[in-house]
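A.B. asks:
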Amino acid sequence: WDETHFGKMGSYYINRTFFFDVHPPLGKMLIGLAGYLSGYDGTFPFQKPGDRYEQHNYVGMRGFCAFLGSCLVPFAYLTVLELSRSLPAALLTAFILIFDTGCITLSQYILLDPILMFFLMGAVLCMVKCNSCADRPFSASWWFWLCLTGVNLAGAMGVKFVGLFVVLLVGLNTICDLWDLLGDLSLSLVMFGKHLLARVLCLILLPLTLYTAMFAVHFTVLNKSGPGDGFFSSAFQSQLIGNNLHNVSIPEYLAYGSVVTMKNLRMAGGYLHSHWHLYPEGIGARQQQVTAYLHKDLNNLWIIKKHDLDTDLSDPSSPVEFVRHGDIIRLEHKETCRNLHSHQHEAPLTRKHFQVTGYGINGTGDSNDFWRIEVVGGKAGKLIKVLRSQVRLTHVATGCILGSSGKTLPKWGWEQVEVTCTPYLKETPNSLWNFEDHINPKLPNISLDVLKPSFAEILLESHMVMIRGNSGLKPKDNEVTSKPWHWPINYQGLRFSGVNETDYRVYLLGNPVIWWLNLVTIGLYLLMAVSTAVTLKRGVQLTSELKELSRVVLCGGGQITLGWLLHYLPFFLMGRVLYFHHYFPAMLFSSMLTGITWDTLLKFCARVLSPRITARKVYGGGFLALVLLIIYSFYLFHPLSYGMIGPMASDPSSPMAGLRWMDSWEF
Numbered sequence: 001w002d003e004t005h006f007g008k009m010g011s012y013y014i015n016r017t018f019f020f021d022v023h024p025p026l027g028k029m030l031i032g033l034a035g036y037l038s039g040y041d042g043t044f045p046f047q048k049p050g051d052r053y054e055q056h057n058y059v060g061m062r063g064f065c066a067f068l069g070s071c072l073v074p075f076a077y078l079t080v081l082e083l084s085r086s087l088p089a090a091l092l093t094a095f096i097l098i099f100d101t102g103c104i105t106l107s108q109y110i111l112l113d114p115i116l117m118f119f120l121m122g123a124v125l126c127m128v129k130c131n132s133c134a135d136r137p138f139s140a141s142w143w144f145w146l147c148l149t150g151v152n153l154a155g156a157m158g159v160k161f162v163g164l165f166v167v168l169l170v171g172l173n174t175i176c177d178l179w180d181l182l183g184d185l186s187l188s189l190v191m192f193g194k195h196l197l198a199r200v201l202c203l204i205l206l207p208l209t210l211y212t213a214m215f216a217v218h219f220t221v222l223n224k225s226g227p228g229d230g231f232f233s234s235a236f237q238s239q240l241i242g243n244n245l246h247n248v249s250i251p252e253y254l255a256y257g258s259v260v261t262m263k264n265l266r267m268a269g270g271y272l273h274s275h276w277h278l279y280p281e282g283i284g285a286r287q288q289q290v291t292a293y294l295h296k297d298l299n300n301l302w303i304i305k306k307h308d309l310d311t312d313l314s315d316p317s318s319p320v321e322f323v324r325h326g327d328i329i330r331l332e333h334k335e336t337c338r339n340l341h342s343h344q345h346e347a348p349l350t351r352k353h354f355q356v357t358g359y360g361i362n363g364t365g366d367s368n369d370f371w372r373i374e375v376v377g378g379k380a381g382k383l384i385k386v387l388r389s390q391v392r393l394t395h396v397a398t399g400c401i402l403g404s405s406g407k408t409l410p411k412w413g414w415e416q417v418e419v420t421c422t423p424y425l426k427e428t429p430n431s432l433w434n435f436e437d438h439i440n441p442k443l444p445n446i447s448l449d450v451l452k453p454s455f456a457e458i459l460l461e462s463h464m465v466m467i468r469g470n471s472g473l474k475p476k477d478n479e480v481t482s483k484p485w486h487w488p489i490n491y492q493g494l495r496f497s498g499v500n501e502t503d504y505r506v507y508l509l510g511n512p513v514i515w516w517l518n519l520v521t522i523g524l525y526l527l528m529a530v531s532t533a534v535t536l537k538r539g540v541q542l543t544s545e546l547k548e549l550s551r552v553v554l555c556g557g558g559q560i561t562l563g564w565l566l567h568y569l570p571f572f573l574m575g576r577v578l579y580f581h582h583y584f585p586a587m588l589f590s591s592m593l594t595g596i597t598w599d600t601l602l603k604f605c606a607r608v609l610s611p612r613i614t615a616r617k618v619y620g621g622g623f624l625a626l627v628l629l630i631i632y633s634f635y636l637f638h639p640l641s642y643g644m645i646g647p648m649a650s651d652p653s654s655p656m657a658g659l660r661w662m663d664s665w666e667f
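Residue numbering for the sequence shown follows full-length UniProt numbering, starting at 1 and increasing by one per position.
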């Protein structure tokens, strides 16, 4: 399953080969480092799930992820212990995470999830520990936990963007903390300012510095051309060893008579391209095809000409005239001598856009070949820089803008990308281009080092590409995806490996008893929290023990419930493809809430019973029953994590047949 992605990316780090991923780099860097330190040489191809590693040393990478996944148990244990001051509550939480088949499955492979959850739980634990030091601010332990919270926040953000949810949790906790301090009249404003400054330093500046440093390491290590080049701008590609733009010299400013290639700025948008083949009958006008092509090719070359002159600009005696913002130009395809052309025929795939074709003979066409060239943010008369200037081409006759739709043409279009002229003037990467190759013997060449982007520009570009990539993740044909409402009820798992009886099959599914217990507990907690809040509001006299239980329910349980909501509800608003494993960070919070809620409920039941011996039996018996139920359910479902062979669960002779409690489970 995802080992084919993240294991391969670990190999790229070892080989220093540039690649693109929709997540920030820390998780993959740590996987690559673990592989490198454990003797893996980065040569395994990671082609499909089920391939044998043979002699390749993969254990270090899997072991690293398994170790971080194992750390979730003590982190959750210590967090609950700090919030509830109850050893049984912490133990119950630990038992839930130890015996959950889903957590085990997700932690034992080369995946980003255990790394993300390690930093996430580390941040929550450090936040809770720092809160417990509130009575001794600016002590060594207070600074230690505050700084460590910042470090873990940087780690969570550096693995996946969903790490921002724990940043939000810590941020809300910090705002509440500062609000309470502001209301403390014994605290001077100077001291309050110190508290504010300390949190800005440790929870904002420190994480941002570490997060930026991760990208600095990422771009320093990955300095060789690789499969990720095409997702980034031409200026960025010029820094990669082995890329055709690396260490080359080209003219800096665009001039008439120049031979150029134009690259679309949408992710994997391709180069403006044409070839001798015509559009088929019934697809607009039967003229020469114009497409976007993802690879370097002679058919990507175009000559820039004036719209009203057809003189030979390659004549060395003719003066150089630069192309400027606002000029009306003609683009002639070098190989076929036909002009870039548009008209009000429909585009092949994008119905409300206009068709773009190659038209004319030896550069002679009509007024539909004229395009106005404009630099984004440019002023009239501004020169156009190769690589750096982002330009749009507006069709003079129709007012539409040249763009790449991103849609793949059928066989007649050689499965290249559709190019259209859009009448919608919204500025998107699809309708922006930059000039990459530039040949003009009359102009002096400059080294591309002069044009190389700064680190800040590279950082910004990488984030724009990642965000675009994330939003562009749509389900593939026949791909098993899930909806957020499926997750808490354990509606459907995820097949990690194997589909046939002869395969070794691993299936990601939460332990049903644990997950349904967590789900029931959320409702139970809400009832308890409302009842407790009403009781306190009505001024009912409580014993010191019941007051402590009320504090645990409202404060400790409240923080954990907020964490669950922040890590679950945002997925309902996401447009990208979603999978079952996205719920696991929220599941950690619901497991901690289960430990706190059942411990508090059993203590309350024991409290209202007498004599004391009976109360202890109720509390101890209830706790033991929960633990035994969790362990027995793990015994039943553990093959999901450790692998199944033999008949499928739908076969009555399968040992898993009686355990397929829901038809949607596909093990």
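Note that beta-carbon positions come from the ideal geometry of N, C-alpha and C, so glycine has one too. What you are looking at is a predicted structure, and each value in this text was computed from that prediction instead of being measured.
1) Do L206 and residue 668 count as a contact pair if the criterion is CB distance below 8 Å?
2) So, with DSSP's three-state summary, where would you put A397?
3) If we require 4 or more residues per run, which alpha helix (DSSP H) segments fall completely within the region 198-267?
4) Count the other CB atoms within 10 Å of the CB of G270; is the residue buried (16 or more) or exposed (fewer)?
5) Per the DSSP calculation, E415 is bridged to which residue(s)?
6) K306 lies in the beta strand (DSSP E); which residues open and close that run?
7) How far does the alpha helix (DSSP H) with D599 in it extend, from its first residue to its last?
8) Can you tell me where the alpha helix (DSSP H) with T532 in it begins and where it stops?
9) Among residues of its own chain, excluding the 5 on either side of L120, which ones have a beta-carbon nearer than 6 Å to its beta-carbon?
10) Just to confirm, are L169 and L562 a CB contact at a threshold of 8 Å?
11) Quick one: any contact between the region 588-598 and the region 511-526, if contact means 3 or more CB pairs under 8 Å?
12) Output the distance between the C-alpha atoms of Y13 and V217, rounded to the nearest integer angstrom.
13) When DSSP labels each residue in this structure, what does R468 get in the three-state scheme?
14) Nearest by alpha-carbon distance to K442: which of W1, S258, I31 is it?
15) Once DSSP output is grouped into helix, strand and coil, what is the label at C176?
16) From the DSSP secondary-structure annotation, give me the bridge partner or partners of residue 668.
17) What is the C-beta distance between S70 and F44, in whole angstroms, given that I count them as a contact (C-beta under 8 Å)?
18) Can the beta-carbon of A302 be found closer than 8 Å to that of K334?
19) Looking at T357: is its Cβ nearer than 8 Å to the Cβ of Y293?
20) Three or more C-beta pairs under 8 Å: does that hold for the region 552-561 against the region 612-631?
21) Classify N362 as helix, strand or coil using the three-state DSSP reduction.
22) If we call anything under 8 Å between Cβ atoms a contact, is Q390 one with V376?
23) So N368 packs on A347, CB below 8 Å; how close in whole Å?
24) Residue range of the alpha helix (DSSP H) that W564 falls in?
25) For the putative contact between H307 and R338, defined by C-beta atoms under 8 Å, what is the C-beta separation to the nearest angstrom?
26) Rounding to the nearest angstrom, what Cα-Cα distance links H325 and Y256 in this structure?
27) Please report the residue range of the alpha helix (DSSP H) in which V375 lies.
28) Does the distance from the CB of L509 to the CB of T101 come in under 8 Å?
29) Among V22, F6, G7, whose alpha-carbon lies nearest the alpha-carbon of V577?
30) Using a Cβ-Cβ cut-off of 8 Å (strictly less than) and excluding sequence neighbours within five positions of L203, which residues of its own chain qualify?
31) Would S238 and L387 be called neighbours here (beta carbons separated by less than 8 Å)?
32) Enumerate, from N- to C-terminal direction, the unbroken alpha helix (DSSP H) stretches of 4 or more residues contained entirely within the region 43-75.
33) In chain order, which alpha helix (DSSP H) runs of at least 4 residues are fully inside the region 136-198?
34) Checking the sheet assignment: what are the DSSP bridge partners for R330?
35) Just confirm the distance between the C-beta atoms of F46 and E3, as a whole number of angstroms; I'd bet it's less than 8 Å.
36) For residue 672, list the residues DSSP reports as bridge partners.
C.D. replies: The structure says:
1) Residue 668 falls outside the range modelled here, since the chain spans only 1 to 667, and no answer is possible.
2) It is coil, neither helix nor strand.
3) 206-221, 234-237
4) Its Cβ being crowded by 16 or more others within 10 Å, G270 is buried.
5) None; E415 has no bridge partner.
6) 302-306
7) 584-608
8) 512-537
9) For L120, same chain residues with a beta-carbon under 6 Å away, outside a window of 5 residues either side, are A156, V166, P585 in chain order.
10) Yes, Cβ-Cβ distance for L169 and L562 is below 8 Å.
11) yes
12) 11 Å
13) helix
14) S258
15) C176: helix per DSSP, three-state reduction.
16) Coverage of the chain is limited to positions 1 through 667, which leaves residue 668 absent and any answer about it impossible.
17) Actually they are not in contact, since the Cβ atoms of S70 and F44 sit about 25 Å apart, beyond 8 Å.
18) The sequence given here has Trp at residue 302, not Ala. Yes. Within cutoff.
19) no
20) no
21) coil
22) yes
23) The Cβ separation is near 15 Å, so there is no contact.
24) 557-568
25) That belief does not hold up - the Cβ atoms of H307 and R338 are roughly 15 Å apart, past 8 Å.
26) 13 Å
27) It is not in any alpha helix (DSSP H) - V375 instead sits in the beta strand (DSSP E) that spans 371-375.
28) Yes.
29) V22
30) L146, T149, G150, L153, V170, G171, T174
31) Going by C-beta atoms, S238 is nearer than 8 Å to L387.
32) 59-70
33) Fully enclosed alpha helix (DSSP H) runs of 4 or longer: 140-159, 164-182.
34) K305
35) 7 Å
36) Here the chain comprises residues numbered 1 to 667, so residue 672 is not present and cannot be evaluated.
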